[in-house]
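Enquirer: Note that my numbering has the sequence shown beginning at 69, numbered continuously upward.
Glycine residues also receive a C-beta, built at the ideal position from the N, C-alpha and C atoms.
Shown below is the structure under consideration.
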Amino acid sequence: MKTVALSAHYDGKKIELDEPYPLPDNAQLVVIVLPQDDERHDWLRLSAQELARAYCDNEPEYTEADVHK
(Lines of atoms letter the chains of each structure in order from A; the text may use other names.)
(Lines give C-alpha, C1' and ligand atoms only; values in the text may rest on other atoms or scores of the structure.)
Protein backbone atom coordinates (compact mmCIF):
# COMPACT_ATOMS: atom_id res chain seq x y z
CA MET A 69 0.00 0.00 0.00
CA LYS A 70 1.36 3.43 -0.90
CA THR A 71 1.66 6.18 1.72
CA VAL A 72 -1.21 8.68 1.72
CA ALA A 73 -2.09 11.67 3.93
CA LEU A 74 -5.68 11.71 5.18
CA SER A 75 -7.47 14.50 7.00
CA ALA A 76 -9.14 13.42 10.24
CA HIS A 77 -10.39 14.75 13.56
CA TYR A 78 -10.83 13.50 17.12
CA ASP A 79 -14.42 13.72 18.38
CA GLY A 80 -13.52 13.20 22.03
CA LYS A 81 -13.86 9.42 21.84
CA LYS A 82 -12.33 8.25 18.58
CA ILE A 83 -10.38 9.42 15.54
CA GLU A 84 -12.60 9.82 12.47
CA LEU A 85 -11.53 10.36 8.87
CA ASP A 86 -12.98 13.52 7.32
CA GLU A 87 -13.63 11.64 4.06
CA PRO A 88 -14.11 7.92 3.47
CA TYR A 89 -10.99 5.96 2.55
CA PRO A 90 -10.69 2.18 2.21
CA LEU A 91 -8.24 1.05 4.88
CA PRO A 92 -7.26 -2.62 5.02
CA ASP A 93 -7.54 -4.50 8.31
CA ASN A 94 -4.56 -3.88 10.61
CA ALA A 95 -3.27 -1.01 8.45
CA GLN A 96 -0.32 0.76 10.07
CA LEU A 97 -1.01 4.45 10.67
CA VAL A 98 0.96 7.48 11.84
CA VAL A 99 -1.09 10.08 13.70
CA ILE A 100 0.14 13.69 13.89
CA VAL A 101 -1.71 16.03 16.23
CA LEU A 102 -1.82 19.53 14.73
CA PRO A 103 -1.66 22.64 16.93
CA GLN A 104 -4.86 24.38 17.95
CA ASP A 105 -6.16 27.09 15.61
CA ASP A 106 -4.66 30.01 17.58
CA GLU A 107 -1.15 28.50 17.47
CA ARG A 108 -1.69 27.33 13.90
CA HIS A 109 -2.59 30.89 12.89
CA ASP A 110 0.77 32.09 14.27
CA TRP A 111 2.68 29.41 12.32
CA LEU A 112 0.83 30.24 9.10
CA ARG A 113 1.59 33.95 9.55
CA LEU A 114 5.28 33.19 10.16
CA SER A 115 5.37 30.94 7.09
CA ALA A 116 3.82 33.68 4.96
CA GLN A 117 6.34 36.23 6.24
CA GLU A 118 9.27 33.93 5.45
CA LEU A 119 7.90 33.16 1.99
CA ALA A 120 7.61 36.89 1.33
CA ARG A 121 11.23 37.37 2.40
CA ALA A 122 12.33 34.61 0.04
CA TYR A 123 11.16 36.52 -3.03
CA CYS A 124 11.90 39.97 -4.45
CA ASP A 125 9.96 43.12 -3.55
CA ASN A 126 7.83 43.15 -6.71
CA GLU A 127 6.34 39.71 -5.97
CA PRO A 128 2.71 39.63 -4.75
CA GLU A 129 2.00 39.57 -1.02
CA TYR A 130 1.35 36.11 0.39
CA THR A 131 -1.63 35.45 2.64
CA GLU A 132 -2.51 32.57 4.97
CA ALA A 133 -4.67 31.18 2.18
CA ASP A 134 -1.59 30.92 -0.06
CA VAL A 135 0.34 29.06 2.63
CA HIS A 136 -2.59 26.84 3.58
CA LYS A 137 -3.28 25.41 0.09
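(1) In chain order, what residues of the same chain have a beta carbon less than 8 Å from the beta carbon of alanine 116, not counting five sequence neighbours either side?
(2) To which residues of the same chain is valine 72 closer than 8 Å at the C-beta, ignoring the five residues directly before and after it?
(3) Nearest by alpha-carbon distance to isoleucine 100: which of Ala122, His77 and Asn126 is it?
(4) Residues bridged to isoleucine 83 by DSSP?
(5) Helix, strand or coil: how does DSSP classify alanine 120 here?
(6) I need the straight-line Cα distance from glutamine 96 to lysine 70, nearest angstrom please.
Expert: According to the structure data:
(1) Tyr130, Thr131, Glu132, Asp134 and Val135
(2) Tyr89
(3) The alpha carbon of isoleucine 100 has as its nearest neighbour, out of Ala122, His77 and Asn126, the alpha carbon of His77.
(4) Tyr78
(5) helix
(6) Distance between the alpha carbons of glutamine 96 and lysine 70: 11 Å.
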